[in-house]
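Only one structure is covered here, and it is reproduced in the block below.
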Amino acid sequence: SRVGRAVHLAGEMLCTLPVAARLPVDIAPARCGSCHPPYRRPSLRWTLGAASAASAAIGVAGVARGAQSLRTRKQRRGSLGLSRRQPRVVLRAVLLSDLLPEGVGEWPELELPKGIDPVVAELEDIGRCMQLVSTVFGVKREERKDVRRGIAGRLGGYASLLDKGPLGPSLQRPAPSGSTSRPEKGFVLAFEDEEGDWLAIVDISLWPNDGRVRSPGARSKPGLSSKPYMLNLCVDPERRRQGLGRKMLALCERIVCDLWGDNEIFLHVENKQVPANALYEASGYKALEVERDPEFPLSKGEEEVLSTVTYRRRELDITSLSPPVSELFPPVEVVDAEEMDAEDYEDDGDDSDGSESSGSDSDSEVDEAGDAAEDTVEEDKKSGGDGDDDEEDFSWVSELVK
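So that you can map any letter, position 389 of the sequence shown is 1408 in my numbering, and since no number is skipped, the others follow by simple counting.
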């Protein structure tokens, strides 16, 4: 087939040459010996045309032969079971009712219009999240990567395997109440209709209440406790004016109050989003002034962002309809490398203090141990050793952390 294609291309190139290059010198008419009319010999143009047609036929035959060979290979692979592919398993959003723990009371916020179900998004649903967020907020092309990374973090895309919390969709608070850790994981709540289309979404996570906008790479002052933080509340433009935004707010507040055990929630909203600001104002989200901390000043980029948004907070005055959070979920332990190092340091200090204050008996034991160690070192020196060969190398710990 390759030879046929090459011959075909060569014939096409010859046919595209100028007429002067294709034809020889002017051919004089020739006459036969009898009285037949004059005729002209076949020109080079007709000859090249026939060659091109022949090469095309060879190329078509080569392609047909290659297709037949490919079909034969597929049949052989099928007979061996090599072409059978396992069906792709797609993780879809989970119904909110399937994630509610046992003992949760009847929530009036779950009463939605017929055909609409509240669902919790899975990591595979990030495409649908981005589609709705980009449509409503008009996300620019250069901003899509950061927005996608942030939503993926709330969906658990960057969760640590060392955390003992659930890795899949969960309504459990990502970190214990009062904790200063700032896990990226949260949950994304959506309203889904009967056809599987999403009508509204919102994502909830934890972030310190210092007024700084949460975004990929954002920083906050260490030591501040994390509070519930709401992002990306948006409703499909074709389904607005149906109360879906208010119902989404009410459902999020119920989850934060009953399942997280918090009594306040924070958010940022763009000043140009006039309908959204009106909705938050009517729902009890009061505007707050961002306090400047001289010890942890805002960067230039943060100042620019904060000049275009409004920081809001709502105190949840609703009554919990569920048992305490400690009875609904097991405690969450978030691994923090700095805290682990501090605990190890404290343990070492406690051991040394105990050995010093244990009395005269312990002092004598320490002296005996010291004499034995000195004798061991002297023996090592006599034997040619330096006494440091038996020390364990802990460089693997830093490699594991990396």
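Built from N, CA and C at the ideal position, the CB exists for glycine as well.
Excluding five sequence positions before and after A1112, the CB atoms of its chain that fall closer than 7 Å to its own CB belong to V1138, V1139, A1140, E1141, D1144, A1209 and E1211, given in chain order. Its Cα nearest to that of T1338, the residue L1278 stands out among E1323, S1345 and L1278.
Taking a C-beta distance under 8 Å as the contact criterion, R1167 and M1149 qualify as a contact pair. When the beta-carbon positions are compared, I1220 and V1232 stay at least 8 Å from each other. For A1219, there is no enclosing alpha helix (DSSP H); the enclosing beta strand (DSSP E) covers residues W1217 to P1227.
A direct Cα-Cα distance of roughly 43 Å separates L1347 from K1319. R1331 carries a strand assignment under DSSP once its states are collapsed to helix, strand and coil. Exposure of N1290 is indicated by the presence of fewer than 16 other C-beta atoms within 10 angstroms of its C-beta. Contact between the segment 1321-1339 and the segment 1281-1296 is present: three or more C-beta pairs spanning the two stretches fall below 8 Å.
C-alpha of A1086 to C-alpha of A1080: approximately 10 Å in a straight line. Short of 7 Å from the beta carbon of R1147, and not among the five residues preceding or following it, lie these beta carbons of its own chain, in chain order: W1217.
Distances from the alpha-carbon of L1325 to those of R1311, D1336, R1333 and E1334 put R1311 closest. Within the segment 1232-1315, the runs of alpha helix (DSSP H) at least 4 residues long that lie entirely inside it are, in chain order, 1263-1277 and 1293-1301. Scanning its chain for C-beta atoms nearer than 6 Å, with the 5 sequence neighbours on each side dropped, one finds around D1281 the residues P1247 and V1275, in chain order. With at least 16 other beta carbons inside 10 angstroms of its own, W1226 counts as buried. Under the DSSP assignment, A1209 falls outside any alpha helix (DSSP H), being part of the beta strand (DSSP E) whose first and last residues are F1206 to E1211. By a beta-carbon distance limit of 8 Å, S1234 contacts D1165. Their separation comes to about 6 Å. Contact check for G1197 against S1244 passes: the beta carbons are separated by less than 8 Å.
Here the alpha carbon of M1249 sits roughly 55 Å from the alpha carbon of R1090.
Taken through DSSP and simplified to helix, strand or coil, D1336 comes out as coil. In this structure, L1190 keeps its C-beta atom at 8 Å or more from the C-beta atom of E1272. Per DSSP, the continuous alpha helix (DSSP H) segment holding V1344 begins and ends at V1344 to L1347. Scanning L1263, G1262, L1307 and V1293 for the CA closest to the CA of I1284 turns up L1307.
Y1299 and V1293 have their C-alpha atoms some 10 Å from each other. Taking G1303 as reference, the option from A1269, L1317 and E1321 with the minimal CA-CA separation is A1269. One Cα belongs to W1126, the other to S1116, and the distance between them is close to 11 Å. The beta carbon of K1204 lies closer than 6 Å to those of G1175, A1178 and P1193 in the same chain, with the five residues before and after it left out. The criterion of a C-beta distance shorter than 8 Å is satisfied by L1118 and P1188.
Cβ contact annotation for A1171 (same chain, cutoff 6 Å, sequence separation greater than five): I1145, in chain order. For P1137, the three-state secondary structure derived from DSSP is strand. Closest in alpha carbon position to N1296, among E1321, P1316, F1315 and G1264, is G1264.
For T1199, the closest of R1163, V1158 and P1241 by C-alpha to C-alpha distance is P1241. Annotation: the continuous alpha helix (DSSP H) that includes R1147 extends over I1145 to F1156.
In this structure S1071 is buried. Its beta-carbon is surrounded by 16 or more other beta-carbon atoms within 10 angstroms.
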